[in-house]
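Here's the structure, in structure tokens; my notes come after.
Protein chains: 2
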Amino acid sequence: MGTLYVVGIGPGGDGDMSIRAIEAIKDSELIVGYTAYIKILKDALKCEAWINEKEFFDTGMTGETKRCKYAIEEAVKGRKVSVICTGDAGVYGMASPVFELLGDEDIRVEVIPGITAACSGAAILGAPLSNDFCVISLSDRLTPQEVIEKRLKGAATADFPIVLYNPASKGRPDALRKAVAILKDCGVPETTVCGIAHSIGREGERVTVTDLGRLCDNEVTMSDTVFIGNSLSYEKNGNIVTPRGYKVD
Amino acid sequence: MGTLYVVGIGPGGDGDMSIRAIEAIKDSELIVGYTAYIKILKDALKCEAWINEKEFFDTGMTGETKRCKYAIEEAVKGRKVSVICTGDAGVYGMASPVFELLGDEDIRVEVIPGITAACSGAAILGAPLSNDFCVISLSDRLTPQEVIEKRLKGAATADFPIVLYNPASKGRPDALRKAVAILKDCGVPETTVCGIAHSIGREGERVTVTDLGRLCDNEVTMSDTVFIGNSLSYEKNGNIVTPRGYKVD
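Sequence lines, in order, name chains B and G. Count along the first sequence from 1, add 107, and you get the number used in the working numbering. Count along the second sequence from 1, add 107, and you get the number used in the working numbering.
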């Protein structure tokens with residue numbers, strides 16, 4: 108029986124990959140992914156001789172369905188196949204198209220979770236997500252803009268710290284500015300502490316700590332993840348802290 | 108200079124720990140944590156001879172501040188110390204009390220992210236969190252009940268899939284029932300697909316797939332994580348799928 112692993116490889120380097128993710132990739136004959144992520148994987152595992160013996164199948168940004176279909180077809184032939192995503196396998200990842208496409212094929216499917224940018228970005232910013240939080244993608248490629256706006260409004264009303272994935276792209280230079288305007292309209296103060304985790308786990312990793320009023324003065328790219336604190340979040344020695352609620356006196 | 112690692116060890120076994128988490132623990136002379144989590148760590152790393160050479164400091168459930176203070180004090184002496192949490196280091200973890208307690212001590216602090224239950228639980232349920240989502244703890248030990256209710260209402264309004272941490276405890280047998288009642292009051296239909304990830308990554312790991320109307324008919328304990336789908340989520344072959352939005356035809 109073939110095996111289809113859906114593997115979250117974490118933010119970048121091998122350090123944040125799980126043991127199980129590495130073992131699944133090692134166990135696979137064929138590794139399927141977005142071209143840029145296959146490159147990240149090869150770089151992360153370049154010290155492992157076995158990575159050079161693998162077969163790779165990669166496509167560009169809009170080839171997700173094609174990649175998942177191909178991976179399922181090859182697993183049906185009895186092969187061991189990994190479909191990889193950066194971050195987690197589920198969060199804006201490939202687990203959902205795989206399960207949407209799967210019928211009653213006689214293959215074993217195993218989803219291997221990874222560290223998503225909400226967690227890896229929070230780690231370099233201090234402790235912005237210590238309590239409840241929400242995650243919203245600003246990309247309108249797969250989600251209608253009105254749904255994104257509804258999510259932002261709900262998040263503001265509920266005083267969630269917010270993690271914004273896909274905060275910008277060449278085709279959406281104003282996405283973050285629009286989101287910030289919605290939050291302000293909902294009464295989120297301009298003094299709310301915000302952070303940007305740039306290129307988490309990759310070359311050029313760095314953080315910016317700012318506030319909602321000045322967030323859009325910073326250059327934000329598709330490699331960045333944006334954190335917006337809640338009413339309890341504050342900046343301390345360059346870190347963002349959202350208290351968990353413990354008495355620390 | 109002393110080093111303080113705040114380490115997320117993931118859900119349970121060593122398979123879901125990151126390479127960096129294992130290296131930080133190996134590098135530490137002293138490992139500090141909640142008694143039950145120290146046990147999980149020792150079990151996960153029992154094949155590593157070096158784990159037996161470590162010094163451990165553990166306390167019970169309400170000793171978080173004491174543990175973090177002790178870890179900081181020992182790092183100030185020049186030692187290498189790991190404060191561990193299951194799941195991620197930030198999400199309901201120890202990163203926030205550590206940063207709240209830190210002053211201007213001359214130590215190096217590194218937060219090492221881990222796989223949180225939202226991701227590890229989603230992985231065994233299929234693909235319930237493929238798009239935006241939110242995470243809410245039902246424990247009122249550190250968060251006032253009215254804040255929990257505000258978060259649930261905001262999540263329902265925004266049509267977020269919801270991950271409920273700490274869905275039950277001996278002192279709060281009705282927490283999940285109350286949360287479900289709030290969601291129903293907000294118009295979330297009884298047919299909404301729900302899942303329970305029981306004992307993720309540990310002995311007894313299993314899943315339950317049900318719906319909002321029947322969710323509370325299931326036994327839910329503090330070892331479980333509850334997933335509530337959104338308006339687009341559905342059950343397929345025993346898995347929960349929330350579509351990412353790709354055209355899969």
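Where is the CB? At the ideal position from N, CA and C, for every residue including glycine. If you're wondering where the values come from, they're calculated on a predicted model, not measured in any experiment.
- Comparing alpha carbon positions, the residue from G:Lys176, G:Leu232 and G:Cys293 closest to glutamate 256 of chain G is G:Cys293.
- When the beta-carbon positions are compared, proline 274 of chain B and valine 333 of chain B come within less than 8 Å of each other.
- Considering only B:Gly185, B:Leu232, B:Pro235 and B:Phe240, the residue with the shortest C-alpha distance to aspartate 213 of chain B is B:Gly185.
- At a cut-off of 8 Å between beta-carbon atoms, isoleucine 214 of chain G makes no contact with chain B.
- Note on geometry: alpha-carbon atoms of leucine 208 of chain B and leucine 111 of chain B lie some 13 Å from one another.
- Going by beta carbons, threonine 315 of chain B and serine 237 of chain B fall outside the 8 Å limit.
- For glycine 302 of chain G, the uninterrupted beta strand (DSSP E) segment begins and ends at 300-305.
- For the region 229-246 of chain B, the set of residues with a beta-carbon nearer than 8 Å to any beta-carbon of chain G comprises Ala229, Ala230, Ile231, Gly233, Ala234, Pro235, Leu236, Ser237, Asn238, Asp239, Phe240, Cys241, Val242, Ile243 and Ser244, in chain order.
- By the criterion of at least three beta-carbon pairs nearer than 8 Å, the region 316-336 of chain B is in contact with the region 225-236 of chain B.
- For the region 190-211 of chain G, the beta-carbon criterion of a distance under 8 Å to any beta-carbon of chain B is satisfied by Asp195, Ala196, Gly197, Val198, Tyr199, Gly200, Ala202, Ser203, Pro204, Val205, Phe206, Glu207, Leu208, Leu209 and Asp211.
- If you draw a 10 Å sphere on the C-beta of methionine 201 of chain G, you find 16 or more other C-beta atoms in it, and that means buried.
- Against chain G, the beta carbon of threonine 264 of chain B has neighbours under 9 Å at Lys257, Lys260, Gly261, Thr264 and Ala265, listed in chain order.
- With 16 or more neighbouring CB atoms inside 10 Å of its own CB, glycine 117 of chain B falls in the buried class.
- Distance between arginine 258 of chain B and alanine 265 of chain G, taken at the CA atoms: about 5 Å.
- Among the CB atoms of chain B, none fall inside 8 Å of the CB of methionine 168 of chain G.
- Counting C-beta atoms within 10 angstroms of its own C-beta, alanine 143 of chain B has fewer than 16 neighbours from the protein chains shown and is therefore classed as exposed.
- Between glycine 311 of chain B and chain G, the shortest Cβ-Cβ separation is not below 8 Å.
- Cysteine 241 of chain G carries a strand assignment under DSSP once its states are collapsed to helix, strand and coil.
- With a minimum length of 4 residues, the unbroken runs of alpha helix (DSSP H) contained wholly in the region 276-301 of chain G fall at 282-292.
- The three-state secondary structure of cysteine 323 of chain B, taken from DSSP, is helix.
- Following the DSSP letters along the chain, one finds cysteine 192 of chain G inside the beta strand (DSSP E) bounded by residues 187-192.
- Nearest to leucine 249 of chain G by C-alpha distance, out of G:Thr169, G:Asn325 and G:Cys192, is G:Thr169.
- In this structure, the beta-carbon distance from glycine 336 of chain G to proline 268 of chain G falls below 8 Å.
- Proximity of the region 127-146 of chain G to the region 317-330 of chain G falls short of the contact definition, fewer than three beta-carbon pairs being nearer than 8 Å.
- The closest CA to that of threonine 328 of chain G, considering only G:Lys153, G:Gly140, G:Arg284 and G:Val355, is found on G:Arg284.
- Pairing leucine 232 of chain B with isoleucine 347 of chain B gives a Cβ-Cβ distance under 8 Å.
- By the rule that beta-carbons nearer than 8 Å mark a contact, valine 355 of chain B touches chain G.
- For proline 268 of chain G, there are no C-beta contacts with chain B under 9 Å, since the nearest C-beta of that chain is about 10 Å from it.
- Distance from arginine 309 of chain B to glycine 119 of chain B at the Cβ level is roughly 4 Å; contact confirmed, criterion being Cβ atoms closer than 8 Å.
- Exclusion of the five residues before and after leucine 137 of chain B leaves Lys161, Glu162, Phe163, Phe164, Ala178, Glu181, Arg186, Lys187, Val188 and Ser189 as the residues of its chain whose Cβ lies within less than 8 Å of its Cβ.
- Using a CB distance cut-off of 8 Å, serine 125 of chain G counts as an interface residue toward chain B.
- Within chain G, the residues placing a beta-carbon under 8 Å from that of serine 227 of chain B are Pro220, ordered along the chain.
- Between phenylalanine 240 of chain G and valine 242 of chain B a beta carbon distance of about 6 Å is seen, short of the 8 Å cut, so the two are scored as contacting.
- Valine 183 of chain B and methionine 108 of chain B have their C-alpha atoms spaced approximately 8 Å apart.
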